[in-house]
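Residue numbers (UniProt numbering): 21 to 533.
All residues carry an ideal CB built from backbone N, CA and C; glycine is no exception.
What follows is a single structure, written as structure tokens, with notes after it.
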Ligand code: XMP
């Protein structure tokens, strides 16, 4: 396995993604991780990420000595390369020639990192993002590729198996960067690339059995990808020692609650408690129009109902959660300033402490797309595994600045279904991170046949994203949007206007509330 030491780059997670895609297990730790911990992880190779600092800054992050003492291959990326050179006797300088964005490197020498991929004498497109650059190599190193802005674009000390690259091989803008990382992990560090989801499943099932023994586990099921995969995996490990609790707040999309019940009871034979709590949620939300109050009301009730159901079952020692790797990576932050709450996210984060239960979190080491692969490995239907993310508070936050009623929810569900059906028919579902309709608290005048209408308007939203942190609007063609708009207005009574939301995130957020 490979250890990635994080120096605060925005794209450190992408290094891990590329390494795992090549079948090698890796973890991301902050550069401050202590020596003992690094030694006991026993990495076959270490990758040093980029980062926003300059090695000349006061208190600039440094590479722990143990990295060099372990005698394993090291690859420094951007800041990682500069820090390595600085600490090993080379020189790093600020330069007027900042390189940011696309650049080309000339491959001047052979090197183990290039094997079978980057040919000597060739030119490769790379993604640069740096102010400082290495100006003198440490003893033992030689330059094997250069660029206009960085004479030492790729450096190597093959005796000590240390390498450095000034650009970012992990991003898609370095089209052949993955090959370079794979050469490092496979050829240089000697990893075999046998880490697959089938293997992960088998190992994890064994771990769950070890951890749980003959005790009982409860799991909150939402119908989303993460909790579904966690539940099926745990069920394969411990069978009927698992009970799932599905708190149905009545604000799911059309047909979703039924599908959850059918899949988990019918296909997987999992013990499932389906608690229809829609009356309770809707009456608590009566007249509530403020987004934060909506979110907090739903979050509070969810916990209450869950606890009630768990108490009825009684005697479970473990609580299962679909926590993912991005939630547990210890991040390196150089700003440390206060951050504002944009939205109070609804999840069951507060549950374990309140309920005084031990946690089973079998997905803690996985990225979202790996969870999807694992779900496929477990034969979970594509309609669940490939499903767009859906917020915990459900459709309540897609009826903005308005109170929630069954009628409005029904209206929104009809619009949403037509929109998603058209997206699927056009073969666009998987190209989009998330698509949904929003019911606007606005009535507008229209004309249908010979008559006047005075009905509600909806907005459609579709975005692309890799992690939900930033998002771009999906560029539908007008023909598609016209078709959807005409179906919605014709088929859903009560809606006479359709708009398309063209705001990216930032400054917008994905959901409207
Ligand atoms: P925003 O609207 O903040 O959403 O840009 C980013 C992503 O998070 C989802 N989202 C939630 N997910 N509980 C969740 O589990 C929530 O309370 C919640 N609110 C938003 C949103 O759908 C998008 O994918």
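Buried or exposed (CB count within 10 angstroms, at least 16 for buried), residue 333
exposed
Find the nearest neighbour of residue 28 within the set 291, 281, 350, 93, judged by alpha-carbon distance.
350
Spatial distance of residue 132 from residue 178 (CA atoms)
8 Å
In its own chain, which residues sit with a C-beta less than 8 Å from the C-beta of residue 419, not counting the 5 before and 5 after it?
Result list for residue 419: 428, 429, 432, 458, 459, 461, in chain order.
So what does residue 167 bridge to, in DSSP terms?
125
Within 10 Å of its beta-carbon, does residue 312 have 16 or more other beta-carbons around it, so buried, or fewer, so exposed?
By the neighbour-count rule (16 or more Cβ atoms within 10 Å), residue 312 is not buried but exposed.
Do three or more CB pairs link the region 378–393 to the region 511–524 at distances below 8 Å?
no
Residue range of the beta strand (DSSP E) that residue 476 falls in?
471–484
For residue 151, three-class secondary structure by DSSP
strand
Counting only runs that start and end within the region 357–399, where is the alpha helix (DSSP H) found for 4 or more residues in a row?
371–375, 388–397
For residue 468, list the residues DSSP reports as bridge partners.
Beta-bridge analysis with DSSP links residue 468 to 471.
Restricting to Cα atoms, I'd like to know which of 344, 495, 426, 414 is closest to residue 443.
That would be 495, whose Cα lies nearest to the Cα of residue 443.
Assuming residue 221 and residue 383 form a contact by the criterion Cβ under 8 Å, report the distance between their Cβ atoms to the nearest whole angstrom.
Contact doesn't hold; Cβ gap of about 11 Å is too wide.
Determine the DSSP secondary structure at residue 203, reduced to helix, strand or coil.
helix
Quick check on residue 454: does DSSP put it in helix, strand or coil?
strand
If you run the structure through DSSP and keep just helix, strand and coil, what is residue 522?
coil
Buried or exposed, going by whether 16 or more other CB atoms sit within 10 Å of the CB of residue 212?
exposed
Pick from 274, 37, 335: whose alpha carbon is nearest that of residue 237?
When each option's Cα is compared against that of residue 237, the closest is 335.
Output yes or no for whether 8 Å exceeds the beta carbon distance between residue 309 and residue 43.
No, they are not a contact pair.
I need the DSSP call for residue 217, collapsed to helix, strand or coil.
helix
Can you tell me whether residue 421 is helix, strand or coil according to DSSP?
Of the three classes helix, strand and coil, the one that applies to residue 421 here is coil, per DSSP.
Any chance the CB of residue 341 is under 7 Å from a heavy atom of the ligand XMP?
no
With a threshold of 7 Å (Cβ to nearest heavy atom), would residue 150 be considered close to the ligand XMP?
no
For residue 183, the three-state DSSP class (helix, strand or coil):
strand
Helix, strand or coil: which one does DSSP assign to residue 237?
strand
CB of residue 2 within 8 Å of CB of residue 477, strictly
Nothing about residue 2 can be read from this structure; the chain reaches only from 21 to 533.
On a Cα-Cα basis, can you pick out the residue from 295, 347, 307 that is closest to residue 328?
295
Would you kindly check if the distance between the Cβ of residue 26 and the Cβ of residue 58 is under 8 Å?
no
Applying the criterion that 16 or more other CB atoms from any shown protein chain within 10 Å of the CB defines a buried residue, is residue 127 buried or exposed?
So residue 127 counts as buried.
Residue interval of the beta strand (DSSP E) (run including residue 263)
262–268
State buried or exposed for residue 426, treating a residue as buried only when at least 16 other CB atoms are found within 10 Å of its CB.
exposed
Between the region 91–107 and the region 49–69, can you find at least three pairs of beta-carbon atoms closer than 8 Å?
Result yes; three or more Cβ-Cβ pairs closer than 8 Å.
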